[in-house]
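Worksheet: one structure, shown below.
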Amino acid sequence: MHSPNPYRPLLPTAHGPMPNQAQLHFRRRRWPATALPRARRIWLRLPSPPSPPCATPPRRAVKTPVFFSSRRRSSSLPPSPRSCFLPMAWIWMVLAAGAVLLWAISLGRIFSSAAPSCVPLSPQFMPPLRGDRRTRNVMLVVAHPDDESMFFAPTILFLKSKGHNIHILCMSRGNADGLGDTRKEELYHACETLKIPHEQVEVLDHPKLQDGFHEKWDHELVSELVMEHVQLWVIDMIVTFDSYGVSGHPNHRDVHYGIWQGNVEAWELASLNILRKYSGPVDIWLSSLISVSRSKQSIYTLVNSSPSRSYEAMAAHRSQWVWFRRVFVMLSSYTYINMLQKI
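This is the structure in structure tokens:
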């Protein structure tokens with residue numbers, strides 16, 4: 581509350597007659613020009629307007645003494661808006677340069693090995709059989725054509741480099757868009773790039789196992805079909821998706837649960853979070869650290885020494901080779917490494 585002022589004029593409607601000229605002249609002389617707006621609010625008994633949330637209070641016009649230096653006068657001024665953004669710009673530049681450098685170092689680590697490698701180095705991880713013993717027959721079970729190139733290329737190239745026989749069982753033709761026959765032929769072309777013969781590739785077309793995000797596959801049916809091909813090809817080991825299915829596709833997950841019911845040695849491709857998934861070759865450091873620290877849990881990281889083979893295999897699926905899948909293959913860590921764990 582403001583203290584009563586005997587010189588305060590009253591309004592004619594609510595508080596009496598208008599002030600005369602002498603009173604107004606006295607008001608103008610008593611109050612400075614900068615205080616007139618506030619004086620008018622007090623006369624009308626109005627509240628002060630709220631100030632903006634980020635606005636700074638107005639500065640009073642104070643005359644600076646002559647003996648003050650120019651340095652002190654400049655320090656009292658607010659900083660320039662442009663100078664406030666300079667440190668943030670430098671931070672972003674340093675972060676971008678660090679990311680590019682880390683990407684280059686990771687690529688150098690991948691290209692440094694002449695052949696696909698395994699971390700940690702363990703002779704007990706799928707050793708090749710020699711002499712009178714046959715090599716291992718490994719079956720890769722996927723849900724759609726292009727899964728083998730988009731996600732499992734490092735695993736296929738590693739197993740081929742160790743002399744194992746790779747068989748691919750695709751549970752559907754990928755006929756969600758009516759391109760089932762085309763995608764089946766594209767799978768054969770991709771397998772040629774990966775050095776897998778046609779007779780070791782099988783594409784199913786079961787009416788209850790159709791491609792679709794809203795299609796629910798029977799786990800017992802999947803397990804039955806998988807076991808039939810295990811006996812047909814004399815399979816020693818299976819590689820497939822984990823319970824999340826890398827991308828979360830329901831068909832990928834149904835394949836996992838169908839194989840989980842079997843009694844054959846099986847390995848699953850670990851699904852990564854979105855940061856690791858799109859970190860490209862940079863994820864090799866974290867995946868290798870996890871594999872070394874959890875070697876007793878049978879977790880291994882397979883490093884692809886020739887990522888261009890993954891790119892060529894995926895390019896064979898021409899009907900699926902759209903721009904965002906090209907970006908995915910370049911940025912995806914599944915192009916450079918696979919982290920397998922035993923089911």
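For the sequence shown, position 339 (counting from the first letter as 1) is numbered 919 according to our numbering, and the numbering increases by one without interruption.
C-beta: ideal position from N, C-alpha, C; glycine also.
What is the DSSP secondary structure of residue i, counted as helix, strand or coil?
i, result
"Asn853", "coil"
"Trp847", "strand"
"Tyr916", "coil"
"Tyr880", "strand"
"Thr715", "coil"
"Val699", "strand"
"Asn782", "Here residue 782 is Glu; the residue named in the question, Asn, does not match the sequence. DSSP places Glu782 in strand when its eight states are reduced to three."
"Gly774", "Looking at the sequence shown, residue 774 is not Gly but Leu. Of the three classes helix, strand and coil, the one that applies to Leu774 here is coil, per DSSP."
"Met751", "coil"
"Val806", "helix"
"Val721", "strand"
"Val819", "strand"
"Val907", "helix"
"Val902", "coil"
"Arg652", "Reliability of the predicted coordinates at Arg652 is poor, the pLDDT of 49 falling under 50, and the value obtained from them is presented with this limitation in mind. Three-state DSSP puts Arg652 in a helix."
"His897", "coil"
"Asp726", "coil"
"His832", "helix"
"Val814", "coil"
"Pro787", "coil"
"Leu801", "helix"
"Ala928", "With the chain covering only 581 through 923, there is no way to say anything about residue 928."
"Ala694", "coil"
"Lys740", "helix"
"Gly792", "coil"
"Arg874", "coil"
Since residue i contacts residue j with CB under 8 Å, what's their CB separation in whole angstroms?
i, j, result
"Met817", "Gly842", "About 12 Å; that fails the 8 Å criterion."
"Phe821", "Glu848", "6 Å"
"Lys876", "Ser913", "About 24 Å separates the two Cβ atoms, so there is no contact after all."
"Ser868", "Thr881", "5 Å"
"Val718", "Asn745", "7 Å"
"Trp813", "His747", "5 Å"
Return yes when the Cβ of residue j is within less than 8 Å of the Cβ of residue i, no when it is not.
i, j, result
"Gly924", "His799", "In the structure displayed, the chain extends from 581 to 923; residue 924 sits before or after that span and is not available."
"Leu567", "Arg906", "Beyond the ends of the chain as shown, which are 581 and 923, falls residue 567; an answer cannot be given."
"Tyr927", "Ile690", "For the chain, the structure presents residues 581 to 923; residue 927 sits outside this window and is missing."
"His897", "Glu766", "yes"
"Cys750", "His724", "yes"
"Ser885", "Pro696", "yes"
"Ala893", "Ala770", "yes"
"Pro700", "Val872", "yes"
"Ser752", "Leu774", "no"
"Gly754", "Asp791", "yes"
"Val802", "Val844", "no"
"Thr735", "Asn853", "no"
Residue i bridges to which residues according to DSSP?
i, result
"Lys922", "Trp847"
"Met673", "Paired residue(s): none; Met673 is not in a bridge."
"Asn745", "Asn717"
Check the Cβ-Cβ distances between residue i and every residue of chain B, and say whether any is below 8 Å.
i, result
"Ser859", "Absence of chain B from the displayed structure is noted, only one protein chain being present."
With a threshold of 8 Å, are at least 3 pairs of Cβ atoms found where one atom belongs to the stretch 678 to 697 and the other to the stretch 849 to 862? yes
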